[in-house]
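**Student:** Before I ask anything, here is the structure I am working with.
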Amino acid sequence: MTDVKAIKHVTVLLLVNKYGEFLLGQRHADSFAAGYYELPGGKQEANESLLETVKREIYEETTYKLADAKLIYETPVAYHFGTIPLHVFYAKLAKNALSEAVLANSKELERPNLLANEAAKLIWVKPEAALKLPLLPILRRMLDTEAFRSVLAPFGKVDLSVDEAIKL
Numbered sequence: 001m002t003d004v005k006a007i008k009h010v011t012v013l014l015l016v017n018k019y020g021e022f023l024l025g026q027r028h029a030d031s032f033a034a035g036y037y038e039l040p041g042g043k044q045e046a047n048e049s050l051l052e053t054v055k056r057e058i059y060e061e062t063t064y065k066l067a068d069a070k071l072i073y074e075t076p077v078a079y080h081f082g083t084i085p086l087h088v089f090y091a092k093l094a095k096n097a098l099s100e101a102v103l104a105n106s107k108e109l110e111r112p113n114l115l116a117n118e119a120a121k122l123i124w125v126k127p128e129a130a131l132k133l134p135l136l137p138i139l140r141r142m143l144d145t146e147a148f149r150s151v152l153a154p155f156g157k158v159d160l161s162v163d164e165a166i167k168l
C-alpha cells in the first residue's frame with residue numbers, strides 16, 4: 001500500500017513537440033493503476049524544489065535533460081489512500097535536451113523515441129487521440145482546463161463520464 005504521508009508533492013511534465021503532440025507514459029501491468037496513461041513525473045524528495053523534482057524525474061524516466069519548465073497547473077488529487085498535491089509543468093521539446101542514447105535511437109528528432117525507463121512505454125499523442133486512451137481520471141479532467149487548452153493544439157469536448165466508474 002502507498003504511504004501517502006511519505007508523499008509530499010508530485011510533479012509531472014506536459015512536454016509538447018512541434019506537431020502538437022504531448023508525451024504520455026503507460027503504467028506497468030503490475031503497478032497501481034496498471035495500464036493507464038499519465039504524464040511523466042514523480043515524487044518530490046527532501047530539500048528539492050518542485051522544478052528540481054520535475055527535472056530529476058523526467059531525466060530518470062526518459063533521459064530527457066529538461067532545462068526549464070513553466071508551472072501551469074496545481075491541484076489536489078484524491079485517491080483511496082489519501083490526497084496528494086499535484087504540480088503540472090509545461091515545456092516545449094528541445095532537441096538539445098536529448099541524450100545520446102535517444103539521438104541514436106530516433107529517426108525523427110521532432111518526435112524522438114525517449115527511453116521508457118520507468119513506464120511500460122512512452123508515446124507522443126495529440127489531445128484528441130489521448131482522449132481515446134485509458135487515461136488516469138485526473139489527466140482527463142486536467143485536459144479540459146484552460147491551463148492545458150492554452151498550450152495544446154485545439155481539440156473538442158472532453159467526456160468526463162468515461163471515468164465515473166473508476167476508483168483509484
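All residue numbers for the sequence shown refer to UniProt numbering, where the first residue is 1 and numbers rise by one.
Beta carbons: idealized from backbone N, C-alpha and C, even for Gly.
Please read all numbers here as calculations on a predicted model, not as lab measurements.
#1: With distance defined between alpha-carbon atoms, name the residue in P137, V12, H9 and H28 nearest to E118.
#2: Output needed for A101: all residues of its chain with C-beta closer than 7 Å, excluding positions within five of it in sequence on either side, in chain order.
#3: Less than 8 Å between the beta carbons of V125 and R140, yes or no?
#4: Keeping to the same chain, check which residues put their C-beta closer than 6 Å to that of K8; ignore five residues upstream and five downstream.
#5: Which one or two residues does DSSP pair with A97 in a beta bridge?
#6: To the nearest whole angstrom, what separates the beta carbons of A147 and I72, a pair I think is in contact under 8 Å?
#7: In chain order, what residues of the same chain lie with their CB nearer than 6 Å to the CB of P137, ignoring the 5 residues before and after it?
#8: Return the first residue and the last residue of the beta strand (DSSP E) that L166 is part of.
**Tutor:** Considering the structure as presented:
#1: H28
#2: T63 and L115
#3: no
#4: Q44
#5: Answer is none; A97 lacks a bridge partner.
#6: 5 Å
#7: D163 and I166
#8: A small correction: the amino acid at residue 166 is Ile; Leu does not occupy that position in the sequence shown. Unbroken run through I166: none, as it is neither H nor E.
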